[in-house]
């Protein structure tokens, strides 16, 4: 079993970088965003470069992520893992902290080298007003390179996360080419909505605040094959 998240991500994209890899819905806002493997990879590379070049993070450093499930959260997490950072969600010293704008106060006690705020705008628009002490993630990340070469080595943290994801994929019967519909409100752990489909070579349709009346048509429209509700 692979022990390198960056390699698993690359392998999931390789057969067809143009196919939808992550489709994001939020039924509370009406948002729908579809990212191909190539588009998500671009965001991931820019995030990893931001961490290495702007935040000065090195493999083994910690990154704090205080974000809900979202397609931009996927880019942040995969960028951190590509840069071989350890992702944490409990207060402590970190080289970089990624925080949703509605959780900035909660992050005040974190010792962080760099702080990036995310408004999680459906169109990834820059923030008009950036919280004090933070940098707007969307504005900052766009200026970084589109390519990043991850460290090829695995590690205990990657292996542990991927083992959990592989077990979940087996439980769900996921195989390459499948499409997994996930209620991320009920399953906010990124192992479920991000790493599990990637490990299986599947794509994901992630739904926040799902409207039960819309799900049957969504299954048909998105051609999902499995569900984690």
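In my numbering, the protein residues as written are 69 to 297. Beta carbons are placed, not taken as given, at the ideal position from N, Cα and C, and that holds for glycine.
Around the C-beta of residue 158, are 16 or more other C-beta atoms found within 10 angstroms, so that it is buried, or is it exposed? For the purposes of this step, residue 158 is taken as residue 90 along the chain shown, with counting starting at 1. Exposed, by the Cβ-count rule.
Taking the Cβ atom as the reference point for each residue, do residue 106 and residue 91 lie within a distance shorter than 8 Å? In the chain shown, counting from the first residue as 1, residue 106 sits at position 38. In the chain shown, counting from the first residue as 1, residue 91 sits at position 23. In this structure, residue 106 keeps its C-beta atom at 8 Å or more from the C-beta atom of residue 91.
Quick one: using the 10 Å Cβ neighbour count with 16 as the cut-off for buried, is residue 132 buried or exposed? As a working note, residue 132 is residue 64 in the chain shown. Its Cβ being crowded by 16 or more others within 10 Å, residue 132 is buried.
Restricting to runs no shorter than 3 residues, where is the beta strand (DSSP E) found entirely within the segment 78-102? 88-94
From residue 128 to residue 202, what does the alpha carbon distance come to, in whole angstroms? Position 60 of the chain shown, counted from the first residue, corresponds to residue 128. Position 134 of the chain shown, counted from the first residue, corresponds to residue 202. For residue 128 and residue 202, the distance between alpha carbons rounds to 23 Å.
Restricting to Cα atoms, I'd like to know which of 180, 74, 249, 170 is closest to residue 197. Taking the first residue of the chain shown as 1, we reach residue 197 at position 129. It is 170.
Exposure of residue 125, with buried meaning 16 or more beta-carbon neighbours within 10 Å: The count along the chain shown starts at 1 and reaches residue 125 at position 57. Result: buried.
Meets three-Cβ-pair contact criterion under 8 Å: the segment 237-248 and the segment 209-227: no
Under 8 Å between C-beta atoms of residue 130 and residue 153: As a position in the chain shown, residue 130 is number 62, starting the count at 1. As a position in the chain shown, residue 153 is number 85, starting the count at 1. A contact, by the Cβ cut-off of 8 Å.
What residues are listed by DSSP as bridge partners for residue 203? The residue labelled residue 203 in the question sits at position 135 within the chain shown. Answer by DSSP bridge pairing, in chain order: 184.
So for residue 162, helix, strand or coil by DSSP? The residue labelled residue 162 in the question sits at position 94 within the chain shown. In the structure shown, residue 162 sits in a strand (DSSP, three-state: E or B).
Quickly, what does DSSP pair residue 154 with across the bridge? List them, please. Position 86 of the chain shown, counted from the first residue, corresponds to residue 154. DSSP output for residue 154 lists 130 as bridge partner(s).
Rounded distance between the beta-carbons of residue 252 and residue 275, thought under 8 Å: Position 207 of the chain shown, counted from the first residue, corresponds to residue 275. Position 184 of the chain shown, counted from the first residue, corresponds to residue 252. About 6 Å separates the two Cβ atoms, so the contact holds.
Looking only at C-alpha atoms, which of 191, 190, 162 sits nearest to residue 179? For this step, residue 179 is matched to residue 111 along the chain shown. The candidate whose alpha carbon is nearest that of residue 179 is 162.
Proximity to residue 188 [Cα-Cα], best of 207, 73, 181: Walking along the chain shown from the start, residue 188 turns up at place 120. Among 207, 73, 181, the Cα nearest to that of residue 188 belongs to 207.
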